[in-house]
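A short worksheet on the structure shown next.
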DNA sequence: TGGTGTGTTGAAATCGATTACATCAAAGCG
DNA sequence: CGCTTTGATGTAATCGATTTCAACACACCA
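Protein chains in written order, with full-length UniProt numbering: chain V, 1 to 341; chain Y, 1 to 341.
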């Protein structure tokens, strides 16, 4: 429990003023070489470390950014967090994380208490009044909300849905099911809309089940699907977790994927490739997205609002074809009818 | 871009001194009811929010804890993070995350720059000199290191390994394989040692492959296992990811789990239950662990070092039997021998 | 009536850095 | 040689809160 070393201690040991120590550390070229050496030596022997509260107060900034996400334990986010932290850490920024589903008042405070000087927002369901009330640099990532007055970095969800539908239609599936996310979620909305539109364009029949992106929702959807008189043979899930839950429940129901039904997921999480069978899915480059969002925030912090209208093109989707999709087999599709006849 | 409201603004509007405003906010019972009301009113109309840099500086604390983990994108951690954040957020603490594999100098700074007043450490491979040099409340979680002078909250890995071995032995498996984690990792070490000890106690043959907890390592181990003349019929993997990778690769090799080989994982991640077949594994209560670690840190922050020697009993393991383990089938086990004869 | 305690309040010091401004020496220049 | 410029350094103000200490009013009690 050594007493904390302050800048005055370094200054007195080096025989200079605190101003000089401060300068030697943050703008070495402005002090004489001899002085600089003395100061550095004193810093070393005292083991001085800056007190950031003091510096932050004086400089009116926190050297910290905040990541706000609706569910920290969602595995979809972890790689994004890692990328943001890496990118931000490289330029000396601390990274805070917080669940965005805390009380409204706490949420308001986050933008005002001066503990963060930028926010990466992964939640599109916060009251716009709260979000626009923060006057901090802000970027929306993945989820977004038209009412937020901030640049965003989003994935091209409609194009992704089209890719999925085209893939299934190309394989000959004429009846498709989409297991969607929660109704009030933009990602779910745009994927659902994209699905319906693409299905119409390909003239295939389209049905939608509501879900919430989770494994459990996928399993539930599988049970509903199994109870259908006419089972769609192509299923497009709004998340990989959901798709995996669907397939897993199919296994319990004695339905084989992809023989009896083709399933395609969304995200390309790590497990997608190691599931049995490996999941056909739409890849979202999560690491790249996190990295880019971090860079946007950093640019805004430095350029002071420079990137305000910098909402660029959406991130392009990529279809990853693996083992859960197969050409529609007319025989299999009609097996029940055959059994009846 | 409204000018930031300061405490003096509130004070002058309310017609009192800043001291009174400060007291009205942090110790309301010490100011008169009439004054309190005036102040609260002024706070409301001005929209005053405290500047935490100023408060932190004066109070010499940061109201923030830091989570340090060796790999932020590891899905095993996400639920732990969420639990810590929830618990810490409830008592007004901010949560920072950082990868622990940043440079040594940056690591040293973390304990000294005053931005965090407590650390939850999930990495046992940091130089003890660095860790013990921080004079901040610290708790070790999950991973640990004997040289760190700090309380820890750990999982009972030897007992867990015993549980796994006993389960396989009870099912009649006489030859076991353990796919371990990296050599320098305490978790891997203790699981490996527990495995060998338990196998000896049950008089079953035991082999160990090195790995690193990842899906890829599991797949690699499956290939090695498949090349063995005498394949162990019971496999205990040091992580669920590893087990899933093993099973997934088995599928590609035409080997069936659990018919040809029983596999047991470690962690009970969310996917374990939705994998096909569902993974038999050892459960680590990650949420509970995070929550408890957060409470330890909070207690240390309040009680100032009270919980110094509070390293309690290790968390008890729980075996979750699902679909990847089956009784050893002598016929299957000897099928190759039979084919030769 | 005077002394003591109690409850409220304000003035000013304080936390530990950064930085605007002043100072001073040395150098450059006609 | 005197005057300006430049570079290095120190002094002191500043960031915005908290907190110590003193002051004061009032009640209570002997």
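C-beta atoms are modelled at their ideal positions from N, C-alpha and C, and glycine is treated no differently.
Query, Result
"Just to make sure I have the definition right: I need the residues of chain Y whose C-beta is within less than 9 Å of the C-beta of residue 89/V. Which are they?", "98, 99, 102 and 106"
"Quick one: which chain Y residues come within Cβ less than 7 Å of residue 72/V?", "78, 81, 82 and 85"
"Sort 222/V, 173/V and 236/V by Cα distance to residue 195/V and report the nearest one.", "236/V"
"Can you check whether the C-beta of residue 141/Y is within less than 8 Å of a C-beta belonging to chain V?", "no"
"Is the segment 169 to 177 of chain V close to the segment 132 to 145 of chain V, with three or more CB pairs under 8 Å?", "no"
"Under DSSP, the alpha helix (DSSP H) around residue 56/Y begins and ends at which residues?", "52 to 59"
"Pairing CB atoms from the segment 257 to 269 of chain V with CB atoms from the segment 222 to 241 of chain V, are three or more of them under 8 Å?", "yes"
"Please go through the same chain and pick out, in chain order, the residues whose beta-carbon is closer than 8 Å to the beta-carbon of residue 256/V, but skip the five residues on each side of it.", "250"
"Flag residue 271/Y as yes if its beta-carbon sits less than 8 Å from any beta-carbon of chain V, otherwise no.", "yes"
"Quick check: does the Cβ of residue 282/V come within less than 7 Å of any heavy atom belonging to the ligand ZN?", "The ligand content of the structure shown is nil, which means the ligand ZN is not present either."
"Taking only beta-carbon positions, decide if residue 342/Y is within less than 8 Å of chain V.", "Outside the displayed span of chain Y (1 to 341) sits residue 342/Y, for which this structure offers no information."
"Just list the beta strand (DSSP E) runs in the segment 110 to 137 of chain V, keeping only unbroken ones of 3 residues or longer that don't cross its boundaries, in chain order.", "119 to 121"
"Taking all protein chains shown into account, do 16 or more other C-beta atoms lie within 10 angstroms of the C-beta of residue 128/Y, making it buried, or fewer, making it exposed?", "exposed"
"Quick one, which of 79/Y, 14/Y, 162/Y and 89/Y has its alpha-carbon nearest residue 202/Y's?", "162/Y"
"Taking DSSP as the reference, what is the three-state secondary structure of residue 156/V?", "coil"
"One question on the structure: do residue 96/Y and residue 64/Y come within less than 8 Å of each other, judged by their Cβ atoms?", "yes"
"I need the DSSP call for residue 244/V, collapsed to helix, strand or coil.", "helix"
"Can you check whether the C-beta of residue 213/Y is within less than 8 Å of a C-beta belonging to chain V?", "no"
"Report buried or exposed for residue 58/Y, applying the criterion of at least 16 other Cβ atoms within 10 angstroms of its Cβ.", "exposed"
"Apply the 10 Å Cβ neighbour rule to residue 157/Y and answer buried if 16 or more other Cβ atoms are within range, or exposed otherwise.", "buried"
"Determine the direct distance from the alpha carbon of residue 159/Y to that of residue 302/V, and round the result to whole angstroms.", "53 Å"
"Which residues does DSSP list as the beta-bridge partners of residue 329/Y?", "None, per the DSSP bridge assignment."
"Mapping the DSSP letters down to three states, classify residue 20/Y as helix, strand or coil.", "helix"
"Give me the Cα-Cα distance between residue 289/Y and residue 266/Y, rounded to the nearest whole angstrom.", "15 Å"
"Using CA atoms only, rank isn't needed, just tell me which of 82/Y, 23/Y and 74/Y is closest to residue 293/Y.", "82/Y"
"Give a yes or no on whether the minimum CB-CB distance between residue 119/V and chain Y is below 8 Å.", "no"
"Can you name the start and end residues of the beta strand (DSSP E) that residue 260/Y belongs to?", "Neither: residue 260/Y is in no beta strand (DSSP E) and is coded neither H nor E."
"Please go through the same chain and pick out, in chain order, the residues whose beta-carbon is closer than 8 Å to the beta-carbon of residue 1/V, but skip the five residues on each side of it.", "Residue placement at residue 1/V cannot be trusted, given a pLDDT of 39 that sits under 50; what the coordinates show is reported in the next sentence. Correct list: empty, nothing qualifies."
"Can you check whether the C-beta of residue 248/Y is within less than 8 Å of a C-beta belonging to chain V?", "yes"
"Between the alpha carbons of residue 200/Y and residue 166/Y, how many angstroms are there, rounded?", "11 Å"
"Once the 5 residues before and after residue 224/V are set aside, which same chain residues still bring their CB inside 8 Å of it?", "209"
"Determine the extent of the beta strand (DSSP E) in which residue 319/Y is found, giving its start and end residues.", "318 to 320"
"Leaving out the 5 sequence neighbours to the left and right, which residues in its chain are closer than 6 Å to residue 131/Y when beta-carbon positions are compared?", "148"
"Taking Cβ positions only, does residue 280/V come closer than 8 Å to chain Y?", "no"
"Along chain Y, which residues have their Cβ under 8 Å away from the Cβ of residue 113/V?", "49, 50, 51 and 52"
"Any idea if residue 326/V is buried or exposed, counting beta-carbon neighbours within 10 angstroms, 16 or more meaning buried?", "buried"
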